[in-house]
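Just below is one structure, and these are the notes that go with it.
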Amino acid sequence: MKILGKRYIVISRIFFTVFFLRLFLINAQAQQKTEFLSLKEAVHAVISNNSAVQSAKIDEAIAQEKYKQSNAGFLPQVNLSYTALATNNPLYVFGFKLQQRTVTAADFNPDKLNHPSGTSDFTTKIEVLQPLINMDAVYMKKSAGVQVESYQLKTKRTKAHLIFETQKAYHQLQMTHQAVAVLEEALSTAKSIYDFTNNRVLQGLIQKSDLLNVEVQVLDMESNLNEAKNNELNAADYLSVLMNKPTGVLYTTDEMKQDQALEKTEMSLPQNRADLLAIEKAMEATGLMEKSLKMKYLPRLHAFGSYQLNDKKITGFNANSYFSGIQLTWNIFDGNNIKRQVAGLKLEQDKLGVQLHSMQQENQMMLDKSYRDLANALFKIKQQNAAIAQAGEALRILQNRYEEGLVNTTDVLTAQTQLSRQKLMLVQAVFSCNVSQAYIRFLTTTDTSNQN
Numbered sequence: 001m002k003i004l005g006k007r008y009i010v011i012s013r014i015f016f017t018v019f020f021l022r023l024f025l026i027n028a029q030a031q032q033k034t035e036f037l038s039l040k041e042a043v044h045a046v047i048s049n050n051s052a053v054q055s056a057k058i059d060e061a062i063a064q065e066k067y068k069q070s071n072a073g074f075l076p077q078v079n080l081s082y083t084a085l086a087t088n089n090p091l092y093v094f095g096f097k098l099q100q101r102t103v104t105a106a107d108f109n110p111d112k113l114n115h116p117s118g119t120s121d122f123t124t125k126i127e128v129l130q131p132l133i134n135m136d137a138v139y140m141k142k143s144a145g146v147q148v149e150s151y152q153l154k155t156k157r158t159k160a161h162l163i164f165e166t167q168k169a170y171h172q173l174q175m176t177h178q179a180v181a182v183l184e185e186a187l188s189t190a191k192s193i194y195d196f197t198n199n200r201v202l203q204g205l206i207q208k209s210d211l212l213n214v215e216v217q218v219l220d221m222e223s224n225l226n227e228a229k230n231n232e233l234n235a236a237d238y239l240s241v242l243m244n245k246p247t248g249v250l251y252t253t254d255e256m257k258q259d260q261a262l263e264k265t266e267m268s269l270p271q272n273r274a275d276l277l278a279i280e281k282a283m284e285a286t287g288l289m290e291k292s293l294k295m296k297y298l299p300r301l302h303a304f305g306s307y308q309l310n311d312k313k314i315t316g317f318n319a320n321s322y323f324s325g326i327q328l329t330w331n332i333f334d335g336n337n338i339k340r341q342v343a344g345l346k347l348e349q350d351k352l353g354v355q356l357h358s359m360q361q362e363n364q365m366m367l368d369k370s371y372r373d374l375a376n377a378l379f380k381i382k383q384q385n386a387a388i389a390q391a392g393e394a395l396r397i398l399q400n401r402y403e404e405g406l407v408n409t410t411d412v413l414t415a416q417t418q419l420s421r422q423k424l425m426l427v428q429a430v431f432s433c434n435v436s437q438a439y440i441r442f443l444t445t446t447d448t449s450n451q452n
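All residue numbers for the sequence shown refer to our numbering, where the first residue is 1 and numbers rise by one.
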């Protein structure tokens, strides 16, 4: 009796602790903001607001700007300058007068040529340089264009990955909702068993230890339910983070259902998937950059010209002259700098090729595993449905016999626990099935449009 009394005191303390905790949770849940969210709405919000998509679009915009920068190899360069000079150097003084077209016979006096007084020159000059033949710029522009395509493919794959993550998070939230429902049902059943047992104890038909066992079961169910509700909030917060929205909102979702099974028609990884194509484009861009460097071995042809105005006054523009021509330049030897850069780009191409092969192998392995996981999940769903039917029938029979006094409390509690566990396992199996199918679609998709 002393042992039972101590046990009753301990359980009573636990009961009151859980009771006040329940009051706190009920108050917190009353203040919890809730709103309905469909999977389509979640996907749209993630694609529109997620920072990873925004970052990918910025990378794409940077690549676009670099492509536009490559036009500099074909467009003219124009420079405008205004220069003010003052000197008494004999050579420059005579040169200034020539440019200003103010030379007179007196300026050829040897004494004046050798000992000129200080003079000034104000020059306004416009210079133009126009590339005519610049083959390295041609291939550099092509490389920049291919890099833009690579970043566009990366953005596309980023969206596909986020769509999968959103689907996974949404199914996770559905699973937590379903788990809460199962545990609430189990708690309701446990409380009904407690009420029946308590009446029997008051009538003196069974011992109080049976009632204590039921109380322990109720407390355990309430603890599990509390944990499930916390998981519910955590799943909702993760979905909010994906959508780039404030956390603290509990989203209600569509009812959790098993997605339509995929047909196992294609076991091979598609080679035209966006991320794989992005690496191939990166390899192509690197190859074009290599060609651009090799083109630097060839001569370049430029046209150039200048037009200038000279005067000894700061606001004068009296004398004008022009200068134009064509220039052929050929860099014969640059200390093997180009050769080393070409070798480095070849190594980068080799590295990208290794990465592509490794990614293909790894993703093929994940695809094969996902199909096996899907088959296992479908098998579990079938088994769990049968197990739930059997566990439910067993609980019903034991409850009837318990009410007749033919079985003890432990048998009923064990049956009730078994039914709840089987239902939770079914929820987990449906979640695994849906996530496996979403992952297979992610691994095999070549277009994000079919993911919405």
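Glycine is no exception: its CB is placed at the ideal position from the N, C-alpha and C atoms.
Buried or exposed by the 16-neighbour rule on C-beta atoms within 10 Å, applied to residue i
i	result
F85	First, the amino acid is wrong: residue 85 is Leu here, not Phe. L85 is exposed by the Cβ-count criterion.
S292	buried
Y67	buried
E227	exposed
K40	exposed
Q260	exposed
N310	buried
I397	exposed
D334	exposed
Y139	buried
Q271	exposed
S209	exposed
L162	buried
S370	buried
R372	exposed
Of the residues the options, the one placed nearest residue i, counting alpha carbons only
i	options	result
V53	K156, K97, F36	K156
Q384	Q355, M425, Q418, S420	M425
T445	A45, I326, D121, N363	N363
K168	I314, A235, M366	A235
K380	T329, L212, Q422	Q422
V430	F96, H171, E35	H171
Q258	S432, E280, L288	S432
N50	T158, G405, N198, F74	T158
Those residues which DSSP pairs with residue i across a bridge
i	result
N320	L309
I47	Per DSSP, none; premise fails for I47.
N79	E127
G325	F304
K33	V249
A56	Looking at the DSSP assignment, A56 forms no beta bridge with any residue, so it has no partner.
L85	D121
Pairwise C-alpha distance: residue j and residue i
i	j	result
L23	T252	Unreliable placement is indicated for L23, whose pLDDT of 49 sits below 50; the coordinate value is still reported in the next sentence. Their backbone Cα atoms lie some 22 Å apart in a straight line.
K191	E185	10 Å
P110	H302	42 Å
M295	D136	5 Å
K141	F304	23 Å
L113	T104	12 Å
V354	Q361	11 Å
L242	N224	27 Å
A415	A391	7 Å
L374	S420	24 Å
M359	M365	10 Å
A438	I338	48 Å
V435	N331	60 Å
T409	A389	21 Å
L413	K229	23 Å
Q69	A144	9 Å
I440	K382	21 Å
L443	A45	22 Å
H177	I193	25 Å
I314	Y307	18 Å
L187	E255	21 Å
Y151	L378	38 Å
F317	F122	8 Å
S240	A179	20 Å
Exercise for review: Could you name each continuous alpha helix (DSSP H) segment of 4 residues or more that falls completely within the segment 119-207, going from the start of the chain to the end?
Suggested key: Fully enclosed alpha helix (DSSP H) runs of 4 or longer: 135-202.
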